[in-house]
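Worksheet: one structure, shown below.
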Amino acid sequence: MNIFWFLAQNALRFGAIIGCAALVHHIGHNTFPDVLMMLGAPSDQITYWYSAFVAVAGFSLGIIAYYIVWFMLSITFGDKMYSTPQLQEEFEPR
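Under our numbering, the residue at position 55 of the sequence shown is numbered 69, and the numbers go up by one with no gaps.
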């Protein structure tokens, strides 16, 4: 695999996970603690439950976003994502 695509894949993966965790935190910041209090959670444990919620939901959404974007990139670039310059030279018509 080309080193460029390896680095891009990892940057995309971590960016998607961190971005979705930030999005989940931003959306749930005002609503999630209120929902926990309505469900009867002790007020001293809401911070722990909220942190767990952000971690699990953000990570899950990040993985989903990563695979969606990676699938779109693989459709766009096709086999060029996984090939090396030497392989491209072999199969390109002269």
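The beta-carbon is built from N, C-alpha and C at its ideal position, and this holds for glycine as well.
Going by other Cβ atoms of all chains shown within 10 Å of its Cβ, with 16 needed for buried, is residue i buried or exposed?
{"i": "residue 66", "result": "exposed"}
{"i": "residue 68", "result": "buried"}
{"i": "residue 54", "result": "exposed"}
{"i": "residue 62", "result": "exposed"}
{"i": "residue 81", "result": "exposed"}
What is the DSSP secondary structure of residue i, counted as helix, strand or coil?
{"i": "residue 22", "result": "helix"}
{"i": "residue 29", "result": "helix"}
{"i": "residue 50", "result": "helix"}
{"i": "residue 55", "result": "coil"}
Measure the alpha-carbon distance for residue i versus residue j and round it to whole angstroms.
{"i": "residue 74", "j": "residue 46", "result": "17 Å"}
Report, in whole angstroms, the separation of the C-beta atoms of residue i and residue j, which I expect to be a contact under 8 Å.
{"i": "residue 83", "j": "residue 26", "result": "6 Å"}
{"i": "residue 22", "j": "residue 76", "result": "Incorrect: roughly 16 Å between the Cβ atoms, too far for contact."}
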